[in-house]
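For the record, the sequence lines run as chains A and B.
Numbering-wise (numbering that gives the first Met the number 0), the first sequence opens with residue 0 and increments by one.
Numbering-wise (numbering that gives the first Met the number 0), the second sequence opens with residue 0 and increments by one.
Quick notes on the structure that follows.
2 protein chains.
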Amino acid sequence: MKVCIVGLGLLGGSFALAVRKVVKDCTVLGVDVNEEHARTALERGIAGEITTFEAGIAQADITVLATPVDILASQVVPALDLLKPGAILTDLGSTKEIICQKAAGHALRGRFVASHPIAGTEDSGPKAAFEGLLKDKMMIICDGEYSDADAVKTIEGLYEKVGMKIVYMPAKAHDSHIAFVSHLSHISSFALGATVLEKEKNEKNIFNMAGSGFSSTVRLAKSSPDMWAPIFSQNRGNISQALALYIEKLQQFKETIDADDQASAHRFMKETNDIRRVLKGDD
Amino acid sequence: MKVCIVGLGLLGGSFALAVRKVVKDCTVLGVDVNEEHARTALERGIAGEITTFEAGIAQADITVLATPVDILASQVVPALDLLKPGAILTDLGSTKEIICQKAAGHALRGRFVASHPIAGTEDSGPKAAFEGLLKDKMMIICDGEYSDADAVKTIEGLYEKVGMKIVYMPAKAHDSHIAFVSHLSHISSFALGATVLEKEKNEKNIFNMAGSGFSSTVRLAKSSPDMWAPIFSQNRGNISQALALYIEKLQQFKETIDADDQASAHRFMKETNDIRRVLKGDD
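Next up, the structure:
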């Protein structure tokens with residue numbers, strides 16, 4: 000089987016490493032416009048060979064788009080145009096509605112399986128890739144009813160082979176929920192980092208006072224702007240709603256603090272402690 | 000040496016476990032108004048015996064106040080009143096200005112060493128305590144110039160024995176900085192948890208979509224309201240400033256998203272990526 004990975008960063012690279020490990024007789028064709036990334040991917044055994052977008056997709060049985068979502072959205076139609084008969088296109092983008100819209104109406108729409116793995120770290124590029132990133136993680140397949148049944152089955156099989164659990168969801172619902180449970184976390188973290196950097200700009204050693212709590216909440220502020228700016232743009236309607244509600248909660252909490260209303264602050268926290276139960280899946 | 004720990008929760012309990020490990024011929028006298036906590040502390044070997052506030056402090060060489068900061072502030076004067084000649088009082092509270100004010104003017108002010116360890120987890124109570132919590136962590140000693148030199152030296156020695164690194168800071172500066180690098184993280188996390196719980200209240204399985212990024216940013220929302228409500232109250236001036244700046248950053252980011260201004264969003268994130276260098280201490 001020939002798998003073409005377009006975009007050899009953290010996700011594409013990790014997926015390639017996992018696929019090469021679990022699929023017998025698999026050739027990974029790597030595509031990346033960044034020559035240094037392509038070289039690193041070859042050296043690290045992410046791709047067996049480096050090729051072009053056109054040549055890679057034209058010979059692949061499965062093509063995986065793993066570029067930043069602005070580029071990814073622009074690659075869906077050209078990639079579908081290049082597929083050989085029976086081949087399949089999938090993607091790993093963090094937004095799904097715009098990407099699915101790009102494929103809509105294409106004669107080969109059925110060969111496209113839109114997906115989003117709930118996996119990542121604050122690092123990026125092929126050096127950050129590792130074989131285990133996707134193992135035991137969730138893969139969300141969106142708008143699967145527009146994909147050919149055999150294409151969905153093949154892609155599911157491949158994702159399951161690398162250890163992922165599959166769930167299904169309409170692209171619209173995906174983008175709305177992911178704004179709250181992923182995209183908002185990144186913005187809360189970036190804003191926290193920006194706030195503390197501004198306050199402490201002349202007092203670098205203050206960061207010695209930062210413990211594991213700060214590290215944990217600010218970790219995502221190390222994430223790649225090249226990856227995240229297009230995600231925020233494509234999902235801006237949902238993110239704007241999530242941010243508005245988040246700011247409202249913060250303002251509400253600030254009012255209880257300014258009024259020294261400890262009972263209300265306590266209640267706010269106590270109710271939110273429910274996140275412990277919910278994250279455990281303990282309904 | 001007799002050490003009396005008042006408040007056998009995560010911090011007091013962990014400190015007791017560490018002290019019992021590293022100090023030879025040490026008796027830990029435990030005090031806790033919560034009888035179940037006291038029993039757990041005995042069972043877990045946190046305290047060698049359980050006693051009362053009065054009896055414990057009266058016989059201790061070193062007393063450590065490790066209660067929530069509202070209770071802690073009310074215990075400073077009674078504890079100083081109970082100290083035997085030459086004994087020392089210290090504390091592990093997350094706020095320092097109000098606690099130091101309570102001790103100010105007391106005849107035995109010199110026997111008090113105010114301190115704050117940069118350590119903790121989202122869990123609380125004696126069950127959450129563990130011997131290694133304070134190892135390699137920072138201990139901030141505040142307003143040390145008001146403490147007797149021998150008292151500071153003894154307390155420093157004890158903290159160093161459990162593996163902590165000591166830094167010195169005025170209480171006022173401590174409270175201002177800690178609002179940004181610790182207290183704000185907790186509020187950002189509580190508000191994030193509250194936002195997502197409100198949005199997804201009827202769709203619990205949406206939390207399956209939450210990855211490690213969400214878990215990391217929302218972790219502190221599991222923290223104890225009993226511990227945090229009094230901290231937010233005591234440090235509300237500084238926290239209000241921190242929150243105002245944080246909300247401003249979020250609003251600024253929301254505007255770039257609403258305007259689909261990707262260049263500004265990219266710049267905001269790129270500048271904030273500096274947190275990676277700063278947290279590494281890599282100036």
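Glycine is no exception: its CB is placed at the ideal position from the N, C-alpha and C atoms.
Bear in mind the structure is a predicted one, so any value in this text is a computation, not a measurement.
In terms of residue numbering, what span does the alpha helix (DSSP H) encompassing residue i cover?
i, result
"Phe189(B)", "183-198"
"Asp260(A)", "Note, Asp260(A): premise wrong, no alpha helix (DSSP H); not H, not E."
"Ala212(A)", "Sequence check: residue 212(A) is Gly here, not Ala. Per DSSP, Gly212(A) belongs to the alpha helix (DSSP H) from 211-217."
"Phe111(B)", "Not the alpha helix (DSSP H): Phe111(B) falls in the beta strand (DSSP E), residues 111-116."
"Gly11(B)", "9-21"
"Thr62(A)", "Counting along the chain, Thr62(A) falls outside any alpha helix (DSSP H), though it belongs to the beta strand (DSSP E) covering 61-64."
"Val277(B)", "273-278"
"Leu133(A)", "Leu133(A) -> no alpha helix (DSSP H), and no H or E assigned at all."
"Gly124(A)", "Run containing Gly124(A): none; DSSP gives neither H nor E here."
"Val68(A)", "68-81"
"Asp225(A)", "224-233"
Would you check if the distance between the CB atom of residue i and the CB atom of residue j is smaller than 9 Å?
i, j, result
"Cys3(A)", "Val30(A)", "yes"
"Lys171(A)", "Met138(A)", "no"
"Gly210(B)", "Lys136(A)", "yes"
"Val18(B)", "Leu132(B)", "no"
"Arg110(A)", "Ala86(A)", "yes"
"Phe179(B)", "Asn237(B)", "yes"
"Leu9(A)", "Ala128(A)", "yes"
"His36(B)", "Leu7(B)", "yes"
"Leu191(B)", "Tyr245(B)", "no"
"Arg269(A)", "Pro224(B)", "Note that residue 269(A) corresponds to Lys in the displayed sequence, not to Arg. Yes, they are a contact pair."
"Val5(A)", "Thr62(A)", "yes"
"Asp259(A)", "Ser232(B)", "yes"
"Ala15(B)", "Ala54(B)", "no"
Kindly indicate if chain B contains any beta-carbon less than 9 Å away from that of residue i.
i, result
"Ser181(A)", "yes"
"Gly119(A)", "yes"
"Ser239(A)", "yes"
"Asn33(A)", "no"
"Thr66(A)", "no"
"Asp259(A)", "yes"
"Ser13(A)", "no"
"His105(A)", "no"
"Phe129(A)", "no"
"Gly249(A)", "It is Leu, not Gly, that sits at residue 249(A) in the sequence shown. With 9 Å as the cut-off, Leu249(A) counts as an interface residue toward chain B."
"Ile45(A)", "no"
"Lys269(A)", "yes"
On the DSSP letters alone, give me the boundaries of the beta strand (DSSP E) that residue i sits inside.
i, result
"Lys164(A)", "164-168"
"Cys141(A)", "137-141"
"Asp149(A)", "Note, Asp149(A): premise wrong, no beta strand (DSSP E); alpha helix (DSSP H) at 148-160."
"Asp90(B)", "87-90"
"Thr39(A)", "Run containing Thr39(A): none in the beta strand (DSSP E); it sits in the alpha helix (DSSP H), 34-42."
"Cys3(B)", "1-5"
"Gly55(B)", "Here Gly55(B) belongs to no beta strand (DSSP E); instead the alpha helix (DSSP H) covers 52-58."
Under a CB-based cut-off of 9 Å, is residue i close to chain A?
i, result
"Lys134(B)", "no"
"Met0(B)", "no"
"Asp273(B)", "yes"
"Ile186(B)", "yes"
"Ser232(B)", "yes"
"Phe252(B)", "yes"
Our contact map puts residue i next to residue j with C-beta atoms below 8 Å; I'd like the distance itself, whole angstroms only.
i, j, result
"Val76(A)", "Gly92(A)", "That pair is no contact at about 15 Å."
"Ser188(A)", "Thr216(B)", "6 Å"
"Gly212(B)", "Ser181(A)", "6 Å"
"Lys1(B)", "Thr194(A)", "Incorrect: roughly 44 Å between the Cβ atoms, too far for contact."
Against chain A: residues of the stretch 193-213 of chain B by CB proximity under 9 Å: Only those residues of the stretch 193-213 of chain B whose C-beta falls short of 9 Å from the nearest C-beta of chain A are listed: Ala193, Thr194, Val195, Leu196, Glu197, Lys198, Glu199, Glu202, Lys203, Asn204, Ile205, Phe206, Asn207, Met208, Ala209, Gly210, Ser211, Gly212, Phe213.
Within 7 Å of chain A by C-beta, residues of the stretch 147-173 of chain B in sequence order: Those residues of the stretch 147-173 of chain B that come within reach of chain A (Cβ to Cβ, closer than 7 Å) are Val166.
Contact list for the stretch 214-227 of chain A against chain B, Cβ threshold 7 Å: Among the residues of the stretch 214-227 of chain A, those with a Cβ less than 7 Å away from any Cβ of chain B are Ser214, Ser215, Thr216, Val217, Arg218, Leu219, Ala220, Lys221, Pro224, Trp227, in the order of the chain.
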